[in-house]
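Here the structure is laid out as structure tokens; the discussion comes afterwards.
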Amino acid sequence: MASHPGPFYPIIYVRGYAMSRDEIDQTTADPFCGFNIGTTVYRANCDKKKPAKKLIFESPLIRLGSDFDYSDVYEDGLDIMDEGWTGPVPSRSVVIYRYYDPASNLLGGGETPEIEQFARGLSDLVLKVRDLVCSDPKNGLTKKTFRCYLVAHSMGGLVCRTFLQNPKHSAKEARDCIDKVFTYATPHNGIEISGLNVPGWLSLNDINNFSRERMAGYLNLEAVFAKTKRVDWLPEEAFPSQRFFCVVATNRADYAAAAGASRTFAGHGSDGLVGIENASVWGINAAGKVSLPCATAYAYRSHSGGEIRA
128 MASHPGPFYP
138 IIYVRGYAMS
148 RDEIDQTTAD
158 PFCGFNIGTT
168 VYRANCDKKK
178 PAKKLIFESP
188 LIRLGSDFDY
198 SDVYEDGLDI
208 MDEGWTGPVP
218 SRSVVIYRYY
228 DPASNLLGGG
238 ETPEIEQFAR
248 GLSDLVLKVR
258 DLVCSDPKNG
268 LTKKTFRCYL
278 VAHSMGGLVC
288 RTFLQNPKHS
298 AKEARDCIDK
308 VFTYATPHNG
318 IEISGLNVPG
328 WLSLNDINNF
338 SRERMAGYLN
348 LEAVFAKTKR
358 VDWLPEEAFP
368 SQRFFCVVAT
378 NRADYAAAAG
388 ASRTFAGHGS
398 DGLVGIENAS
408 VWGINAAGKV
418 SLPCATAYAY
428 RSHSGGEIRA
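Each residue of the sequence shown is one higher than the last, beginning at 128 in the numbering used here.
Spelled out as structure tokens, the structure:
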């Protein structure tokens, strides 16, 4: 392994939306909630007539281990939030935020909490990771110097923004621990179906989490939403826009959810679910003026990564 300069901070992965009860149970049964899934298909050829190329991406989890010596924090079948889990964790840890466990029929009560509750759970997890990392002197971190990274797919990015932007649903000491945020395929400005935003009254399977009116509430953006009718704003006082990175997917053709109906209704200029123009974030200052667009990259992938999710 090549030598890389530190510091190395824990990475907390926040997965995306699971619609049905079966999908919730499936993600509950997966120890890494999809962060362990890679891809073999590379479609970004200059000649559209040529077939896809084979390109192995093992998975984010495996790459972090092989390239940077990161490891998971599961021990003796327990997660760090489970009763009975003990011991410190290394600073080079990948922590999976398993927020769907309470909603599953396997490990929970079968009722899905509100996204605000997911944000509060993330706050608790950040503080638990901080305490466990700082308890080991070998990590060289104190509660004052500890930081961690948030990596989020799809709705997971909205959970992270709720945690960062709405002080009603997180502790300041937890928010202060976040060094950088990385989101991919996150509907930062909601989801549109045939050009129309998901309505707020459509509460089936919590789809209204992607209604801008509903989002303005949990993202603490009511005032700026009233003026702009957008919710892809990141107040600088909540979190610096320069430390927030968005990856936007641009290939809707590979997104096969709902037998292809999703990509049909999402339309061109989308990843099959989220519109390209809705998948990034802009910073705003205290006066409500645009400060900086967050760093954004575009990848010729579908919402879930391609032929095989990545």
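Backbone N, C-alpha and C define an ideal beta-carbon position, used for all residues, glycine too.
What span of residues does the alpha helix (DSSP H) with residue 258 cover, start to end?
Segment 242-261, the alpha helix (DSSP H) holding residue 258.
Measure the Cβ-Cβ separation of residue 278 and residue 138 and say whether it is below 8 Å.
Yes.
Coil, strand or helix - residue 417 by DSSP:
DSSP places residue 417 in strand when its eight states are reduced to three.
Under the three-state reduction of DSSP, which class applies to residue 437: helix, strand or coil?
Confidence is the limiting factor: at residue 437 the pLDDT is only 35, short of 50, which leaves the residue's position unreliable, though a coordinate-based value still follows. If DSSP states are grouped into helix, strand and coil, residue 437 belongs with coil.
Check the DSSP bridge columns for residue 280 and list the partner residues they point to.
Bridge partners of residue 280 according to DSSP: 311.
Can the beta-carbon of residue 190 be found closer than 8 Å to that of residue 427?
In this structure, residue 190 sits away from residue 427, with a CB-CB distance that is not shorter than 8 Å.
Take residue 214 as the anchor and find which of 364, 271, 141 and 255 has the nearest alpha-carbon.
Comparing alpha-carbon positions, the option among 364, 271, 141 and 255 lying closest to residue 214 turns out to be 255.
With three or more beta-carbon pairs closer than 8 Å as the criterion, would you say the stretch 408-422 touches the stretch 353-367?
Segments in contact, yes.
Which same chain residues end up closer than 6 Å to residue 271 when comparing Cβ atoms and leaving out the 5 residues on each side of it in sequence?
Result list for residue 271: empty, nothing under 6 Å.
Pick out whichever of 157, 174, 182 and 158 has its Cα sitting closest to the Cα of residue 167.
Answer by Cα proximity: 182.
The stretch 274-292 / the stretch 305-320 touching (three or more Cβ pairs under 8 Å)
Counting Cβ pairs under 8 Å, three or more are found: they touch.
Among 261, 324 and 249, whose alpha-carbon lies nearest the alpha-carbon of residue 291?
Out of 261, 324 and 249, 249 has the C-alpha closest to the C-alpha of residue 291.
Please classify residue 231: is it buried, with 16 or more other beta-carbons within 10 angstroms of its beta-carbon, or exposed?
The residue is buried, with at least 16 neighbouring Cβ atoms inside 10 Å.
For the beta strand (DSSP E) containing residue 362, list its first residue and its last residue.
Segment 360-362, the beta strand (DSSP E) holding residue 362.
To the nearest angstrom, how far is the alpha carbon of residue 339 from that of residue 349?
Approximately 10 Å, taken between the alpha carbons.
Residues bridged to residue 291 (per DSSP)
DSSP, once it has assigned bridges, lists no residue as partnering residue 291.
Kindly provide the ranges of any beta strand (DSSP E) runs that are 3 or more residues long and lie completely inside the stretch 155-230, ordered along the chain.
Runs of the beta strand (DSSP E) inside the stretch 155-230: 166-169, 180-184 and 220-224.
Give every residue of the same chain whose Cβ lies closer than 6 Å to the Cβ of residue 212, excluding the five residues on either side of it in the sequence, and list them in chain order.
Cβ within range, chain order: 205.
Residue 303 - DSSP class collapsed to helix/strand/coil
DSSP places residue 303 in the coil class of the three-state scheme, outside both helix and strand.
I believe residue 283 touches residue 143 by the beta-carbon criterion, under 8 Å. Please report the beta-carbon distance rounded to the nearest angstrom.
Indeed, because the Cβ distance is near 5 Å, the residues count as touching under 8 Å.
Pull up the distance between the alpha-carbon of residue 297 and that of residue 406, whole angstroms please.
Their Cα atoms are separated by approximately 24 Å.
Does the beta-carbon of residue 353 have 16 or more other beta-carbons within 10 angstroms, so that it is buried, or is it exposed?
Exposed.
Between 402, 376, 337 and 218, which has its C-alpha nearest residue 273's C-alpha?
Closest by alpha carbon: 218.
Which residues bound the beta strand (DSSP E) around residue 374?
Residue 374 -> beta strand (DSSP E) spans 371-376.
Could you give the C-beta distance for residue 222 and residue 252, rounded to a whole number, given that I count them as a contact under 8 Å?
Contact flag correct, Cβ pair sits at about 7 Å.
DSSP three-state call for residue 350: helix, strand or coil?
Helix at residue 350.
Pop quiz: residue 293 and residue 343 are said to be a contact at Cβ under 8 Å. What is the actual Cβ separation, rounded to whole angstroms?
About 11 Å separates the beta carbon of residue 293 from that of residue 343, a gap too long to meet the 8 Å contact definition.
Give the range of the alpha helix (DSSP H) segment to which residue 343 is assigned.
In the DSSP assignment, residue 343 falls within the unbroken alpha helix (DSSP H) covering 339-345.
Assuming residue 358 and residue 141 form a contact by the criterion Cβ under 8 Å, report the distance between their Cβ atoms to the nearest whole angstrom.
Not really, about 18 Å apart at Cβ, beyond 8 Å.
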